[in-house]
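A.B. asks: Numbering (our numbering), first residue to last: 382 to 916.
The C-beta atom is built at its ideal place from N, Cα and C for all residues, glycine as well.
Owing to the predicted nature of the structure, the values given are computational and were not obtained by experimental measurement.
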Amino acid sequence: MSKAVRLEGITKRFPGVVANDDVDFEVEEGTVHALLGENGAGKTTLMNVLYGLYGPTSGRVVVDGEKREFDSPRDAIDAGIGMIHQHFMLVDPMTVTENITLGNEPRKWGGLAVDRKGAREAVVELADRYGFDVDPDARIEDVSVGEQQRVEILKALYRGADTLILDEPTAVLTPQEIEELFGVLEELTAQGKTIIFITHKLGEAMAAADEISVLRDGRKVGTVDASDTTREGLAELMVGREVLLDVDRPPADTGDVVASVSDLVVDDDRGVRAVDDVSFELRAGEILGIAGVDGNGQSELIEALTGLRPPDAGTVRLLGEDVTDDSRRRRIEAGMAYIPEDRQERGVVMDFDLVENALLGSQHSPELGPRGRIDWPETRTHAETIIDEYDVRTPGAATPAKSLSGGNQQKFIVGREFERDPELVVASHPTRGVDVGSIEFIHERLLELREAGVAVLLISSKLEEVQGLSDRLAVMYEGDFVDVVDPRATTESELGLLMAGQQPEAADGADAGTPTEADEEAPVDADAAAGGERA
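What follows is the structure, encoded as structure tokens:
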């Protein structure tokens, strides 16, 4: 089998940083090759060299046996290389067809006008050829994230891509959409396309790839056959040490009630009821997890708790004080830390450097903002502490947040919030987009906070995360808690049924508290059980 892509001795230097250090990398034609590594290991930089976004400091790019020099992505596209970025580059008000053909529209009348009918027919034919289920007339703003990703892939295929680079393609997908993506990759390789899959997720690399190459600190440390490796072995290659993949959670020693929610009602942006009469208490030294298919009110619940959205009814109390109508500043001062679901929209200001981002939420504190004036030397020290303690890979505190990888942005946000010395941590998808070593680190810090008597509300789409960390687990469906269970005594199968709005005993007549042999051997994909959307 011939090589679709070969990178020889690629080195890429930035001021103060060697992002890629003499990397050799090759991909067999018609295969899926995963590029695995920690945040900041150099994965995306290496692929940006292949895609023409960066020129290598040294080394050679070979495509289909021919040495190539790319001055821009247009050169790479002309050579049959396409790249689907983690954050999609689509125009929301435009249709699927318009986005796919944008800049390359078929013309009529001697090139004077766009052939809209011809463009639509070309998109329909392309989607049918690869088995993609897309509506050519739908507007991007009206379709799901998974459908948007398929549009990005079709856009690359429309431009003649034979090798597709997917940068963290599962970061924003539900489990059901991830399975659909893997089916798409199988169809593409069956038709001769080559896929390079950038990821830090061990299980997905093993499930989707034929071969896996691992980068660590800018260097390639190995290439393995995906069918002949283990999660533990890949984790050790990535991190350079043995990694604890399973959470070791001692019994909880709970204290007084830290947060209480009573009869909370919240409407979404459309005025539709998103949270419907939810009540719960959260104690010191306890982690309460919330599981559910995205779109069942979790986001609106967290926004109401953290002061980002006013509730329509109900009460939120923190340490016995009513904070229902209090501002974000007041809640922070009262001891609430918040790791937001969307790090780039609500976690950092992308154009601010890390010193300025470390200040966010603490600009009125006695430590960093005494007497209404910012103590910048102290703020810089605070930022450097976060960088050091949370292993944020960056040239320094003066680096803009937008220059960091998504995972390093996440680690910085987690560090800033944990360093507030909080009484309550609201952690919404705290390990989204971070690598296995960082996941282990964040889990350990959450358990340390719990041990120190901090109350933690954990929202995550990862069932293994909420099951492993939570002392109690609330399952949310259509805006309400359908049950609160012991996560250690509940199987993934039972959680999947609860997330679909069904009680396990009602579904099969079995005792919900007693896992069956079949349950343990064949966990259910919870999003698939729920049909991937709210009923």
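So which of Ser819, Pro803, His824 and Leu538 has the shortest CA-CA distance to glycine 834?
C.D. replies: Measuring from the Cα of glycine 834, the nearest candidate turns out to be Pro803.
A.B. asks: Helix, strand or coil for alanine 571 per DSSP?
C.D. replies: Helix at alanine 571.
A.B. asks: Using the three-state DSSP reduction, which class does arginine 698 fall into: helix, strand or coil?
C.D. replies: If DSSP states are grouped into helix, strand and coil, arginine 698 belongs with the strands.
A.B. asks: Do three or more CB pairs link the region 694 to 712 to the region 727 to 740 at distances below 8 angstroms?
C.D. replies: Too few Cβ pairs lie closer than 8 angstroms, so no.
A.B. asks: What are the start and end residues of each continuous beta strand (DSSP E) run of 3 or more residues lying completely inside the region 407 to 470, in chain order?
C.D. replies: Runs found: 413 to 418, 439 to 444, 447 to 449 and 462 to 465.
A.B. asks: Put arginine 387 into one of helix, strand or coil per three-state DSSP.
C.D. replies: Strand, per DSSP.
A.B. asks: Verify whether the separation of the beta carbon atoms of isoleucine 465 and glutamate 533 is less than 8 angstroms.
C.D. replies: Yes, the pair counts as a contact, with Cβ atoms nearer than the cut-off.
A.B. asks: What residues match up with glutamate 662 in a beta bridge as DSSP calls it?
C.D. replies: Ser641.
A.B. asks: Do the CB positions of leucine 431 and isoleucine 546 come within less than 8 angstroms of each other?
C.D. replies: Yes. Within cutoff.
A.B. asks: Taking the alpha-carbon positions, what's the aspartate 852 to serine 660 distance?
C.D. replies: Going by the C-alpha atoms only, they are around 17 angstroms apart.
A.B. asks: Do three or more CB pairs link the region 661 to 675 to the region 704 to 720 at distances below 8 angstroms?
C.D. replies: Touching, no.
A.B. asks: So the candidates are Met587, Ala655 and Val773; which of them puts its Cα closest to the Cα of glutamate 613?
C.D. replies: Here the closest residue by C-alpha is Met587.
A.B. asks: Tell whether a beta-carbon distance below 8 angstroms holds between valine 773 and glycine 753.
C.D. replies: Result no, Cβ atoms of valine 773 and glycine 753 do not sit closer than 8 angstroms.
A.B. asks: Exposed or buried, which one is glycine 636 when buried takes at least 16 other CB atoms within 10 Å?
C.D. replies: Label assigned to glycine 636: exposed.
A.B. asks: Please confirm if the region 643 to 656 is in contact with the region 803 to 812, defined as three or more CB-CB distances below 8 angstroms between the two stretches.
C.D. replies: At 8 angstroms Cβ cutoff, the stretches do not touch.
A.B. asks: Quick one: Cα of leucine 838 to Cα of alanine 494, how far?
C.D. replies: Their backbone Cα atoms lie some 56 angstroms apart in a straight line.
A.B. asks: Using a Cβ-Cβ cut-off of 7 angstroms (strictly less than) and excluding sequence neighbours within five positions of glycine 397, which residues of its own chain qualify?
C.D. replies: Only Pro776 meet the Cβ criterion.
A.B. asks: For valine 863, count neighbouring Cβ atoms within 10 angstroms of its own Cβ and tell me buried if that reaches 16, exposed if not.
C.D. replies: Its Cβ being crowded by 16 or more others within 10 Å, valine 863 is buried.
A.B. asks: Measuring straight from C-alpha to C-alpha, what distance separates glutamate 561 and glutamine 744?
C.D. replies: Each residue's alpha carbon lies about 45 angstroms from the other.
A.B. asks: DSSP on isoleucine 579, reduced to helix/strand/coil?
C.D. replies: If DSSP states are grouped into helix, strand and coil, isoleucine 579 belongs with the strands.
A.B. asks: Helix or strand or just coil, what does DSSP make of leucine 839?
C.D. replies: Strand at leucine 839.
A.B. asks: Tell me whether aspartate 609 is buried or exposed, calling it buried when 16 or more other Cβ atoms sit within 10 Å of its Cβ.
C.D. replies: With fewer than 16 Cβ atoms within 10 Å of its Cβ, aspartate 609 is classed as exposed.
A.B. asks: Would you report the Cα separation of serine 439 and isoleucine 391, rounded to the nearest angstrom?
C.D. replies: Rounded to the nearest angstrom, the two C-alpha atoms are 6 angstroms apart.
A.B. asks: Assuming the contact rule is C-beta atoms closer than 8 angstroms, isoleucine 840 and glutamine 679 should be a hit. Round their C-beta distance to whole Å, please.
C.D. replies: Sure, about 5 angstroms apart at Cβ, within 8 angstroms.
A.B. asks: Per DSSP, which residues does threonine 775 bridge with? Please list them.
C.D. replies: Paired residues: none, contrary to the question.
A.B. asks: Taking DSSP as the reference, what is the three-state secondary structure of serine 594?
C.D. replies: Reduced to three states, the DSSP call for serine 594 is strand.
A.B. asks: Drop a sphere of 10 angstroms on the beta-carbon of threonine 478, count the other beta-carbons inside from all chains shown, and report buried for 16 or more, exposed for fewer.
C.D. replies: Threonine 478 is buried by the Cβ-count criterion.
A.B. asks: Pick helix, strand or coil for alanine 893, following the three-state DSSP scheme.
C.D. replies: Residue placement at alanine 893 cannot be trusted, given a pLDDT of 39 that sits under 50; what the coordinates show is reported in the next sentence. Reduced to three states, the DSSP call for alanine 893 is coil.
A.B. asks: Going by beta carbon distance, what residues of the same chain come within less than 6 angstroms of proline 868, once the five residues before and after it are set aside?
C.D. replies: Excluding positions up to five away in sequence, the list reads Gln848, Ser851 and Leu854.
A.B. asks: By the 10 Å Cβ neighbour count, where 16 or more other Cβ atoms means buried, how is phenylalanine 406 classified, buried or exposed?
C.D. replies: That one is buried.
A.B. asks: Note the first and the last residue of the continuous alpha helix (DSSP H) segment covering alanine 537.
C.D. replies: Here the alpha helix (DSSP H) through alanine 537 covers 526 to 539.
A.B. asks: If you compare alpha carbons, which of Gly433, Ala633 and Arg761 is closest to glutamate 832?
C.D. replies: The shortest C-alpha separation from glutamate 832 is found at Ala633.
A.B. asks: Does DSSP put methionine 731 in a helix, in a strand, or in coil?
C.D. replies: Reduced to three states, the DSSP call for methionine 731 is coil.
A.B. asks: If we call anything under 8 angstroms between Cβ atoms a contact, is glutamate 404 one with alanine 385?
C.D. replies: Checking the sequence shown, residue 404 turns out to be valine, not glutamate. Taking 8 angstroms as the Cβ cut-off, valine 404 and alanine 385 do not qualify as a contacting pair.
A.B. asks: For lysine 424, which of Val730, Tyr719, Gln467 and Asp445 has the nearest alpha-carbon?
C.D. replies: It is Gln467 whose Cα lies nearest to the Cα of lysine 424.
A.B. asks: So methionine 717 is in the beta strand (DSSP E); what residue range does that whole segment cover?
C.D. replies: 717 to 720 is the extent of the beta strand (DSSP E) around methionine 717.
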